[in-house]
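Line by line, the protein sequences give chains X and Y.
Under the numbering used here, the first residue of the first sequence is numbered 14, with each subsequent residue one higher.
Under the numbering used here, the first residue of the second sequence is numbered 14, with each subsequent residue one higher.
There are 2 protein chains.
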Amino acid sequence: MKRIAFDVMGNDNGVRPAIEATIEFLHNNLNYYFILVGDADEINKYVKDNERIKIIDVKETIDQNAKSLSSRHVETSMTTAIKLVRDNEADAVLSAGSSAVYLTQLILILKRLNKIKRPAFMPVFPTTKPGKKFVMLDVGANIITTYEMLVQWALMGSIYAEIVLKINQPKVGILNIGVEDNKGHEYHQLAHEQLKVDQKINYIGFVESRDLLKGNFDVVVSDGYGGNLVLKTMEGTVLSILTLIRDNLNQKLKYKIGALLARGAFSNVKRQFDYRNVGAALVLGVNGLAMKAHGSSNKKAYLGAFSQLSNALDNDFWTKIKDAFT
Amino acid sequence: MKRIAFDVMGNDNGVRPAIEATIEFLHNNLNYYFILVGDADEINKYVKDNERIKIIDVKETIDQNAKSLSSRHVETSMTTAIKLVRDNEADAVLSAGSSAVYLTQLILILKRLNKIKRPAFMPVFPTTKPGKKFVMLDVGANIITTYEMLVQWALMGSIYAEIVLKINQPKVGILNIGVEDNKGHEYHQLAHEQLKVDQKINYIGFVESRDLLKGNFDVVVSDGYGGNLVLKTMEGTVLSILTLIRDNLNQKLKYKIGALLARGAFSNVKRQFDYRNVGAALVLGVNGLAMKAHGSSNKKAYLGAFSQLSNALDNDFWTKIKDAFT
């Protein structure tokens with residue numbers, strides 16, 4: 014039985030999507046067990062007796078706007094959930110709470126993985142090639158990035174792509190503003206030179222943000238600032254263009270009929286490029302398996318997060334990443 | 014008569030699109046005069062006698078892969094075109110050659126505008142609001158950025174939005190990975206505090222990349238690294254999603270018929286979000302009006318660049334920006 018500690022608080026939409034997603038996931042995944050941490054009065058509104066759900070009542074939540082460190086001494090639904098992994102009462106932890114606070118608490122409670130300088134957020138991205146995905150890390154855990162971090166993240170991402178995405182010799186790239194050797198910051202160039210000679214990594218080179226969605230890379234490493242800008246630009250651009258198309262299709266009856274006929278094609282595109290799923294990111298580099306869900310996750314987004322997390326658990330990703338850094 | 018010095022070399026597609034665009038533009042804009050600089054044998058293949066076109070024969074071009082500074086002493090089509098502005102023989106210069114080389118040569122030949130620390134590339138972006146555009150600077154001229162640069166660029170962009178885009182009290186934002194005061198690098202926070210109290214600028218605050226296309230800002234300032242990532246992410250995402258939609262629409266006859274009926278709607282979207290036009294960027298902060306066109310500009314892209322450049326010239330933007338910094 015795999016056990017997931019789930020901080021159900023800290024979501025803009027309340028606890029309901031978390032509980033509904035949990036019940037649906039457990040229905041389809043008989044070897045999973047959830048420990049829901051949060052306000053039990055709220056949780057019990059949506060959950061019936063379920064032998065694979067345990068509820069831990071913690072009403073205290075972290076102020077989303079608090080500085081990450083000031084909340085160090087307060088016991089919250091988030092810290093309680095993380096401690097379940099530390100104490101080996103859960104195999105993974107999931108939260109939709111504030112990224113900065115979550116990251117700080119993960120580092121404080123679980124500690125960093127051996128040798129790892131800084132953890133990174135790693136979401137999975139769709140591409141225009143059907144079924145083809147890639148991971149990018151970091152997308153916002155770190156503002157200041159060094160080349161050593163990029164090299165470590167390249168290895169963690171590469172192991173994930175191999176073990177979980179089942180890609181043989183995953184193609185690794187460094188996000189940059191050009192593909193020539195002399196482009197970008199000094200840390201880009203230093204990591205570039207080091208990865209070129211790294212035997213454990215199938216390093217291809219720099220990749221520009223305009224080429225990310227073509228699906229030619231399996232793992233892309235980036236400073237957290239640049240990765241975050243790119244992630245949110247994609248999200249905003251996909252939403253903007255789909256909205257613009259919908260508005261234009263509504264302008265004439267002829268267009269509306271056309272849209273009705275072509276509806277299936279649009280559904281395919283929306284399914285393939287659903288950026289709600291990209292909101293969920295593994296937090297790699299702490300001493301335990303941890304995932305961050307989008308702060309306004311709906312049921313579908315949580316199901317996406319569970320699916321990613323269970324892929325990692327079912328493939329024993331955690332053991333492999335731990336072994337690689339010891 | 015407004016005079017544009019046009020380096021027609023350094024385009025991946027040869028000189029033909031440059032000449033064809035020039036002839037079409039001159040036909041519709043009787044108060045313009047072009048000085049085409051480049052290989053006269055090539056240019057003369059496409060141009061007939063035109064009293065508003067002068068040709069300067071310079072066959073030497075800059076090696077696109079050369080380090081920017083090593084080409085300092087070679088006379089090329091690019092340097093010749095820039096010198097026409099310096100010597101007051103042209104009112105503006107346009108080139109599609111290498112960004113890094115162009116920037117270096119502009120600074121060497123024209124010098125920086127009084128007080129300006131570093132020039133910036135400033136393209137105009139479309140938004141989902143019909144007819145609404147915004148400018149972002151810098152998008153790649155500078156890797157290392159300080160808060161003083163962001164503040165200067167905010168003023169230059171604001172003047173452009175007011176004078177050329179005719180926006181009263183343009184809304185200015187700083188691109189960042191969150192909207193809270195403590196987000197981003199130190200230079201984000203310092204520029205944020207300074208712009209808050211700047212009387213000359215209508216500063217709104219930080220803006221996240223996912224919100225750029227909503228059209229709530231007129232001017233967005235960014236470090237060149239982040240701006241370049243965002244620009245190219247938008248370009249790649251728009252292209253990817255339109256390609257994906259087209260591929261899906263081709264999969265079934267029913268979809269094809271639907272697409273045919275809805276064709277007008279798609280044309281509107283493509284027109285509104287044509288990222289070929291975004292390739293053209295003003296180079297603000299040097300002592301003269303300069304524009305960089307996309308390295309693989311076609312005729313349409315050049316016409317877009319001419320249109321932007323003539324908007325600036327017709328509104329006497331250059332005088333106003335010069336006055337603001339003296």
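Beta carbons: idealized from backbone N, C-alpha and C, even for Gly.
Would you tell me roughly how many angstroms separate the C-alpha atoms of X/D328 and Y/V234, rounded to the nearest one? Note that residue 328 of chain X is Asn in the sequence shown, not Asp. About 44 angstroms.
Let me make sure I understand the geometry here. Which of X/A53, X/F19, X/D25 and X/G51 has the alpha-carbon closest to that of X/F348? Not covered by the structure: residue 348 of chain X. The range shown for chain X is 14 to 339.
Cα separation between Y/V98 and Y/I120? Near 12 angstroms, if we compare the C-alpha coordinates of Y/I120 and Y/V98.
Quick one: is X/V87 buried, meaning 16 or more other Cβ sit within 10 Å of its Cβ, or exposed? Taking all protein chains in view, the Cβ of X/V87 is surrounded by fewer than 16 other Cβ atoms within 10 Å, so the residue is classified as exposed.
What is the DSSP secondary structure of X/A306, reduced to helix, strand or coil? DSSP places X/A306 in the coil class of the three-state scheme, outside both helix and strand.
Note down, in chain order, all residues in the region 233-250 of chain Y with a beta-carbon under 7 angstroms from any beta-carbon belonging to chain X. Of all residues in the region 233-250 of chain Y, Y238, G239, N241, L242, V243, K245, T246, M247, E248, G249 and T250 have a Cβ within less than 7 angstroms of some Cβ in chain X.
Decide if the region 257-264 of chain X is in contact with the region 273-284 of chain Y; the criterion is three or more beta carbon pairs, one per stretch, under 8 angstroms apart. Contact check between the region 257-264 of chain X and the region 273-284 of chain Y: three or more CB pairs, one atom from each, fall below 8 angstroms, which counts as touching.
Using beta carbons (cut-off 8 angstroms, strictly below), is X/R223 in contact with chain Y? The C-beta of X/R223 comes closer than 8 angstroms to at least one C-beta of chain Y.
Can you grab the Cα-Cα spacing for the pair X/I95 / X/V106, in whole Å? Near 6 angstroms, if we compare the C-alpha coordinates of X/V106 and X/I95.
In this structure, does DSSP put Y/D279 in helix, strand or coil? Note on residue identity: the sequence assigns Phe, not Asp, to residue 279 of chain Y. DSSP places Y/F279 within a helical segment (H, G or I) once states are collapsed to three.
Under 8 angstroms between C-beta atoms, does X/E219 make it to chain Y? The residue you asked about is not Glu; residue 219 of chain X is Phe in the sequence shown. No, because no Cβ of chain Y sits closer than 8 angstroms to the Cβ of X/F219.
Going by other Cβ atoms of all chains shown within 10 Å of its Cβ, with 16 needed for buried, is Y/T332 buried or exposed? The residue in question, Y/T332, is exposed, as its Cβ has fewer than 16 Cβ neighbours within 10 Å.
Just reading off the alpha helix (DSSP H) that Y/F38 is part of, what are its end residues? Y/F38 -> alpha helix (DSSP H) spans R29 to N41.
Cβ closer than 9 angstroms: which chain X residues qualify as neighbours of Y/L297? Under the 9 angstroms cutoff, chain X gives no residues; its nearest Cβ is about 19 angstroms from Y/L297.
Can you tell me whether DSSP reads Y/R340 as helix, strand or coil? Any answer about residue 340 of chain Y is impossible in this case: the structure gives chain Y only from 14 up to 339.
Among X/N181, X/Q165 and X/L225, the one whose alpha carbon lies nearest that of X/Y200: Nearest option by C-alpha distance: X/Q165.
Touch check for the region 136-144 of chain X and the region 223-230 of chain X: three-plus C-beta pairs under 8 angstroms? Contact between the region 136-144 of chain X and the region 223-230 of chain X is established, with three or more Cβ pairs separated by less than 8 angstroms.
Helix, strand or coil: how does DSSP classify Y/V21 here? DSSP places Y/V21 in coil when its eight states are reduced to three.
Y/V21 at chain X interface by Cβ criterion, 8 angstroms: No, because no Cβ of chain X sits closer than 8 angstroms to the Cβ of Y/V21.
Evaluate Y/S108 with the Cβ neighbour count: other Cβ atoms within 10 Å of its Cβ, from every protein chain shown; 16 or more gives buried, anything less gives exposed. In the assembly as shown, Y/S108 is a buried residue. Its beta-carbon has 16 or more other beta-carbons within 10 Å.
Mind checking Y/S253: buried by the 16 CB within 10 Å criterion, or exposed? Buried is the call here.
As an exercise, report each continuous alpha helix (DSSP H) stretch of at least 4 residues that is fully enclosed by the region 157-186 of chain Y, in chain order. Taking only runs of at least 4 residues, the alpha helix (DSSP H) segments lying wholly in the region 157-186 of chain Y are 160-176.
Less than 8 angstroms between the C-beta atoms of X/A154 and X/A133, yes or no? Taking a C-beta distance under 8 angstroms as the contact criterion, X/A154 and X/A133 qualify as a contact pair.
Determine, using beta carbons only, whether Y/V282 comes closer than 8 angstroms to chain X. Residue contact with chain X for Y/V282: present (Cβ-Cβ distance below 8 angstroms to some residue of chain X).
Taking its Cβ as the centre, do 16 or more other Cβ atoms sit within 10 Å of X/E206, making it buried, or is it exposed? When all chains shown are included, X/E206 counts as exposed.
Tell me the start and end of each unbroken alpha helix (DSSP H) in the region 86-156 of chain X that is at least 4 residues and wholly inside, in chain order. Whole alpha helix (DSSP H) segments, 4+ residues: 90-99 and 112-123.
Contacts around X/K312, its chain only, beta-carbon distance under 6 angstroms, and the 5 residues preceding and following it disregarded: In the same chain as X/K312, and ignoring 5 residues on each side of it, the C-beta atoms closer than 6 angstroms to its own belong to P30, E33 and A34, in chain order.
Let me see if you follow: with CB-CB separation under 8 angstroms, is X/Y268 close to chain Y or not? So yes, X/Y268 belongs to the interface.
Compute the beta-carbon to beta-carbon distance between Y/V232 and Y/S171, rounded to the nearest angstrom, for a pair I have assumed lies under 8 angstroms. Between Y/V232 and Y/S171, the beta carbon gap of about 5 angstroms places them in contact (Cβ cut-off 8 angstroms).
Going by C-alpha to C-alpha distance, which of Y/I17, Y/V21, Y/I129 and Y/E55 sits closest to Y/N42? Out of Y/I17, Y/V21, Y/I129 and Y/E55, Y/I17 has the C-alpha closest to the C-alpha of Y/N42.
Pick out whichever of Y/N324, Y/Q118 and Y/T256 has its Cα sitting closest to the Cα of Y/N44. With respect to the C-alpha of Y/N44, the residue from Y/N324, Y/Q118 and Y/T256 having the closest C-alpha is Y/N324.
Compute the Euclidean distance between the alpha carbons of X/V210 and X/M247, then round it to the nearest angstrom. So the alpha carbons of these two residues sit roughly 32 angstroms apart.
When burial is assigned at 16 or more other CB atoms within 10 Å of the CB, is X/D25 buried or exposed? The Cβ neighbour count for X/D25, taken over all protein chains shown within 10 Å, is under 16; the residue is labelled exposed.
So if I threshold CB-CB distances at 8 angstroms, which residues from the region 175-208 of chain X count as touching chain Y? Only L188, I190, E193, N195, G197 and H198 from the region 175-208 of chain X bring a Cβ to less than 8 angstroms from some Cβ of chain Y.
Please list, in chain order, all residues of the same chain as X/E73 whose beta carbon is under 8 angstroms from its beta carbon, the five residues on each side excluded. If you ignore the 5 residues before and after X/E73, its C-beta comes within less than 8 angstroms of the C-beta of V87, E88, T89 and S90, all in its own chain and listed in chain order.
For X/F286, which residues in chain Y fall below 8 angstroms Cβ to Cβ? The contacting residues are I254 and L257.
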